[in-house]
Amino acid sequence: MNSRQRLAIALDHKEPDHVPCDLGGTVLSGISHDLYGRLRAHLGLAAIEVRIADVVQQIAVVDDDVRDLFHVDVRDVAPRSSASFNIGIQDDMPGYTYFYDEWGIGWKMPKVGGFYYDMFHHPLKGDISTGDIDRYRWPDPADPARFHGLRERARHAAEVEGQGVVIGGLCAGIMEMVAWLRGFEDYYLDFAGNTKLLEHFLDKLVELKMAYWERALAEGGEYISAIVEADDMAGQNGMLISPRAYREIVKPRHKKLFDFIKARTRAKIFFHSCGAVRKVIPDLIEAGIDILNPVQVSAAGMDSAELKREYGADLTFWGGAVDPQNVLGSGSVQDVKDDARRRIDDLAPGGGFVFAPVHNIQSNVPPENVVAMWETLREHGTYNQ
Amino acid sequence: MSGTAIHENRASVNTILQQIYQGVLEGNRTAVRLKVQEAIQAGVPSAEILSSMTRSMERVGSLFEEGEYFVPEMLIAARAMQQGMEVLRPRLVDRDAKSSGSVIAGTVKGDLHEMGKNLVCMMLECAGFRVMDLGMDVAPEAFVQAVQDNRPEIVALSALLTTTMPQMKVTIDALREAGYRNGVRIIVGGAPLTEAYAQEIGADGYAKDASQAVTLVKRLLARA
Chain A
1 MNSRQRLAIA LDHKEPDHVP CDLGGTVLSG ISHDLYGRLR AHLGLAAIEV RIADVVQQIA
61 VVDDDVRDLF HVDVRDVAPR SSASFNIGIQ DDMPGYTYFY DEWGIGWKMP KVGGFYYDMF
121 HHPLKGDIST GDIDRYRWPD PADPARFHGL RERARHAAEV EGQGVVIGGL CAGIMEMVAW
181 LRGFEDYYLD FAGNTKLLEH FLDKLVELKM AYWERALAEG GEYISAIVEA DDMAGQNGML
241 ISPRAYREIV KPRHKKLFDF IKARTRAKIF FHSCGAVRKV IPDLIEAGID ILNPVQVSAA
301 GMDSAELKRE YGADLTFWGG AVDPQNVLGS GSVQDVKDDA RRRIDDLAPG GGFVFAPVHN
361 IQSNVPPENV VAMWETLREH GTYNQ
Chain B
386 MSGTAIHENR ASVNTILQQI YQGVLEGNRT AVRLKVQEAI QAGVPSAEIL SSMTRSMERV
446 GSLFEEGEYF VPEMLIAARA MQQGMEVLRP RLVDRDAKSS GSVIAGTVKG DLHEMGKNLV
506 CMMLECAGFR VMDLGMDVAP EAFVQAVQDN RPEIVALSAL LTTTMPQMKV TIDALREAGY
566 RNGVRIIVGG APLTEAYAQE IGADGYAKDA SQAVTLVKRL LARA
């Protein structure tokens, strides 16, 4: 059984030979570039120049030697930026390096002690009209440059390497993009009384995403195992917007987007949503998601056993492996092994589980704890055939 | 004025105060502004007007904790109270608006997230505290300097990341080394934080959300 088959069986809610796993198959299940360098040294692997998979999150491209050691089952065939876009990181801001992305959002990172790029410029902030949204210089979602080489990368991963193939989206989720382009305060205020503008904005993003997926799915075709969409809407203790607001304003638009995707591919829809999203999981299932990520087991109401019991028939859980806030960074190797074992016991039965970290592994995590995660998977991730 | 007229007058005052309370609760900025003006014209004491808004924000905090209100509802309520305060502030005499205490807040070094910290600042202001917001990515030396210059009762530290949480301890240690630790109460908050972590790094308190931060600050200052 190769990785591709293993993943397909798990995504069909059946038990393959072994729980499939992911590290670096998406930009939501990766590893900090700084930790990645230390992990390689810890594993006794050659010192190389670590490549960056995602500038904003400062995560590493996971190389084949690490993928082989960890038996990673999926490969990312991420699209690229449009031809007209060049990231051009600047350093003339006191204390920070910065850049503007292809959406016009400004990102900066402290030169000393910084971990990520965070937003400092929101181009559609303030008092704007629906016309301002229409007239905005949106990037071209179907620019052929984005898809250059994608089909060959997907074919190679699927047919030559026998890997599961994951394809990333155009940008963050539709709600997230409104938040990033408007700024968080305006975004939340839009939810409380400026819904006409908010809906217009969300519709625009759905339209851009559909144009992207039309092309991406045609390119990736039969090779794609899962496509990545996302939208964060919860915090540590609960939803940030009300479940009602999600249902009334956002869910119909998610459904429209997911229906569009499903009409064009048999690939599963991987949906990333951080935090305590329990209250809207039934809505997400109705909207059409197949896979939930990152399964933040440390957030309120996100106990892995309960989630599996309630939603395991409908959802594959991709993530959930090791509590990132209370164990992975601060616990001992044994703590990590115990927690990894617990998540496998909770989530693996019957398939529908891809072992992966809860979001990108952060730089405060000791390399031996990362190794302990995957050792536990090797030891306890086998299904009784 | 006859007894009946006084009675009617009090009833109409109560109605206006109730409308202010309701306006804040619903985040209706326009209504709050108008009703505060109306209350002032009707001769309602400023302290009573202020109190109706503060009580409403306390209710907003409870609704948030109970999972009835979310970030948008809390934000528009705070905005509505701010509108009311703009009208009311020139009328407030010291006795009405005695500050409940002063707070210096900031997101720690290396961390560029401030939505949560902003909500905490907003809720503290609505509860009558004087708040100085140092922003985000605030170095320990900057906290020390601000404490030296302003001598607040409370220092509030925020972090969203497991990777920046340790900067809270660095900041607390810096305040101790500078000799200011005993003069202030330090509170911490942010998604990855826990009560146990707060104790471990030597903070005086932890709150899991903006509403509980207000309760925490009140409790710490009552004890002080």
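Residue numbers (the working numbering), protein chains in the order written: chain A, 1 to 385; chain B, 386 to 609.
C-beta atoms are modelled at their ideal positions from N, C-alpha and C, and glycine is treated no differently.
Range of the contiguous beta strand (DSSP E) that encloses residue i
i: B/Gln597; result: Segment Ala595 to Arg608 is the alpha helix (DSSP H) holding B/Gln597; no beta strand (DSSP E) there.
i: A/Ala53; result: Ile52 to Asp54
i: A/Tyr98; result: Tyr96 to Tyr100
i: A/His121; result: Asp118 to His121
Three-state secondary structure assigned by DSSP to residue i
i: A/Ala216; result: helix
i: B/Met521; result: coil
i: A/Ala386; result: Because chain A in this structure spans residues 1 to 385, residue 386 of chain A falls outside the shown range and cannot be described.
i: B/Asp558; result: helix
i: B/Thr612; result: Since the first and last residues shown for chain B are 386 and 609, residue 612 of chain B lies out of range.
i: A/Pro110; result: strand
i: A/Glu229; result: strand
i: A/Arg342; result: helix
i: A/Arg137; result: coil
i: A/Pro357; result: strand
i: A/Ile241; result: coil
i: B/Ala463; result: helix
i: B/Ile405; result: helix
i: A/His42; result: helix
i: A/Trp180; result: helix
i: B/Val472; result: helix
i: A/Asp127; result: coil
i: B/Asp496; result: coil
i: B/Ser397; result: helix
i: A/Glu161; result: coil
i: A/Ile105; result: coil
i: A/Thr26; result: coil
i: A/His254; result: helix
i: A/Phe85; result: coil
i: A/Leu328; result: coil
i: A/Asn369; result: helix
i: A/Gly312; result: coil
Residue interval of the alpha helix (DSSP H) (run including residue i)
i: A/Gly301; result: First-last for A/Gly301: undefined, no H or E at that position.
i: B/Ala424; result: Arg414 to Gln426
i: A/Ser3; result: Ser3 to Leu11
i: B/Tyr565; result: Note, B/Tyr565: premise wrong, no alpha helix (DSSP H); not H, not E.
i: A/Val277; result: Looking at the DSSP string, A/Val277 is not in any alpha helix (DSSP H), and its letter there is neither H nor E.
i: A/Phe191; result: Phe184 to Phe191
i: A/Arg146; result: That residue, A/Arg146, is in no alpha helix (DSSP H); it is neither H nor E in DSSP.
i: A/Asp264; result: A quick correction: the sequence has Arg, not Asp, at residue 264 of chain A. Taken as a continuous stretch (DSSP letters only), A/Arg264 belongs to no alpha helix (DSSP H), as it is neither H nor E.
i: A/Ala287; result: Ile281 to Ala287
Bridge partner(s) assigned by DSSP for residue i
i: A/His18; result: A/Thr382
i: B/Ala541; result: B/Ala490 and B/Ile572
i: A/Leu292; result: A/Phe271 and A/Phe317
i: B/Arg515; result: B/Ser487
i: A/Asp76; result: A/Val166
i: A/Asp90; result: Checking the sequence shown, residue 90 of chain A turns out to be Gln, not Asp. Paired residues: A/Tyr98.
i: B/Met550; result: B/Met550 is not bridged to any residue.
i: B/Tyr591; result: B/Val573
i: A/Ala60; result: A/Ile52
i: A/Ala234; result: A/Met239
i: A/Ser32; result: A/Ile59
ask   = With contact counted as at least three CB pairs below 8 angstroms, one residue from each stretch, are the segment 393-402 of chain B and the segment 325-340 of chain A in contact?
value = These segments do not touch.
query = Are three or more beta carbon pairs between the segment 455-469 of chain B and the segment 238-247 of chain A nearer than 8 angstroms?
reply = Judged by Cβ distances under 8 angstroms, the segment 455-469 of chain B makes contact with the segment 238-247 of chain A, as three or more pairs qualify.
query = Is the segment 159-177 of chain A close to the segment 66-78 of chain A, with three or more CB pairs under 8 angstroms?
reply = The segment 159-177 of chain A is in contact with the segment 66-78 of chain A.
key: Inter-stretch contact (C-beta, 8 angstroms, three-pair minimum) for the segment 558-573 of chain B and the segment 412-424 of chain B   = No, they do not touch.
ask   = Should the segment 171-181 of chain A be regarded as contacting the segment 83-99 of chain A, the criterion being three or more beta carbon pairs within less than 8 angstroms?
value = These segments do not touch.
ask   = Which runs of the alpha helix (DSSP H) spanning at least 4 residues fall entirely within the segment 425-461 of chain B, listed in chain order?
value = Segments of the alpha helix (DSSP H) lying fully in the segment 425-461 of chain B: 431-450.
query = Taking three-plus beta-carbon pairs below 8 angstroms as touching, is the segment 584-591 of chain B in contact with the segment 546-558 of chain B?
reply = Segment contact: the segment 584-591 of chain B against the segment 546-558 of chain B, three or more CB-CB distances shorter than 8 angstroms; contact assigned.
request  = Check whether the segment 18-37 of chain A touches the segment 358-366 of chain A, counting contact only when three or more Cβ pairs, one atom from each stretch, lie closer than 8 angstroms.
outcome  = Of all C-beta pairs linking the segment 18-37 of chain A to the segment 358-366 of chain A, three or more are shorter than 8 angstroms, placing the two stretches in contact.
query = Does the segment 147-166 of chain A come close enough to the segment 222-229 of chain A that 3 or more CB-CB pairs lie under 8 angstroms?
reply = Judged by Cβ distances under 8 angstroms, the segment 222-229 of chain A makes contact with the segment 147-166 of chain A, as three or more pairs qualify.
ask   = Is it true that the segment 492-505 of chain B meets the segment 567-579 of chain B, where meeting means three or more beta-carbon pairs spaced less than 8 angstroms apart?
value = Counting C-beta pairs with one atom in each stretch, the segment 492-505 of chain B and the segment 567-579 of chain B have three or more that are closer than 8 angstroms, which means they touch.
message = Under 8 angstroms: do the segment 33-50 of chain A and the segment 186-204 of chain A share three or more Cβ pairs, one atom per stretch?
response = Contact between the segment 33-50 of chain A and the segment 186-204 of chain A is not established, with fewer than three Cβ pairs separated by less than 8 angstroms.
query = Can we say the segment 211-222 of chain A touches the segment 254-270 of chain A, given the rule of at least three CB pairs closer than 8 angstroms?
reply = Contact check between the segment 211-222 of chain A and the segment 254-270 of chain A: three or more CB pairs, one atom from each, fall below 8 angstroms, which counts as touching.
inquiry  = Tell me whether the segment 296-313 of chain A and the segment 267-287 of chain A touch, counting them as touching only if at least three CB pairs, one residue from each stretch, are closer than 8 angstroms.
reply    = Touching, per the Cβ criterion.
task = Count the C-beta pairs between the segment 337-345 of chain A and the segment 310-327 of chain A that are closer than 8 angstroms, then say yes if the count reaches three, no if not.
result = Taking 8 angstroms as the limit for Cβ pairs, the verdict is that the segment 310-327 of chain A does touch the segment 337-345 of chain A.
ask   = Given 8 angstroms as the limit, is there contact between the segment 418-435 of chain B and the segment 460-476 of chain B, that is, 3 or more CB pairs closer than that?
value = Touching, yes.
ask   = Would you call the segment 346-354 of chain A and the segment 16-30 of chain A touching, i.e. three or more CB-CB distances under 8 angstroms?
value = They touch, by the three-pair rule.
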